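Numbering-wise, full-length UniProt numbering puts 38 at position 38 of the sequence shown, and it's gapless, one number per residue. Ideal placement from N, C-alpha and C gives every residue a C-beta, glycine not left out. As the structure is a computational prediction, the values presented were derived from the model and not from experiment. Comments concern the structure below.
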Amino acid sequence: FFIYSDVQNFIDTNQLKIKPHAVVEEKITTKQTKSETPQKQTMESGGRRFHDIEISSVRRSIAKRLTYSKTNIPHQYISITSNVDQILKLRKQMISDPKAAAKVSVNDFIVKAVAYALRVSYSKKFIRISFWKQSKLEN
């Protein structure tokens, strides 16, 4: 392990100096200029024709933020296989009810199930090098 004094001795011995970070400012324009007639490129791929569409500044901003979150924020993917036959039956009953306030989707059930699962301490597992560690049930 390195400690502060080791690093400080290395800096002093090699006569290193602190370099200031370069500040990069992103210039944001509020006024969008449009070209008279945008050029659309058409290309074929696998028998299908595609053409480029000019995107708005809102979509461009959304794309930048999504790309940033995908590349800079830690994330993970988890997948499971489940039988949702009972959920589909319940959903069908709920939709056919004339007194129902709103239609529910399968996604609504999934979000609710995940919210309940996260309340339970034993569902908060984390992985170690070669085994799963699970917290004990608390009564």
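Original post:
Quick one: any contact between the segment 95-112 and the segment 60-80, if contact means 3 or more CB pairs under 8 Å?
Top reply: no
Original post:
Can Arg91 and Val111 be called in contact, C-beta distance under 7 Å?
Top reply: No, the Cβ-Cβ distance between Arg91 and Val111 is not below 7 Å.
Subject >> Rounded separation between Arg119 and Ala113 - CA only >> reply: Whole-angstrom Cα-Cα distance: 10 Å.
Subject >> Delimiting residues of the alpha helix (DSSP H) encompassing Leu16 >> reply: Segment: none, Leu16 is in no alpha helix (DSSP H) and carries neither H nor E.
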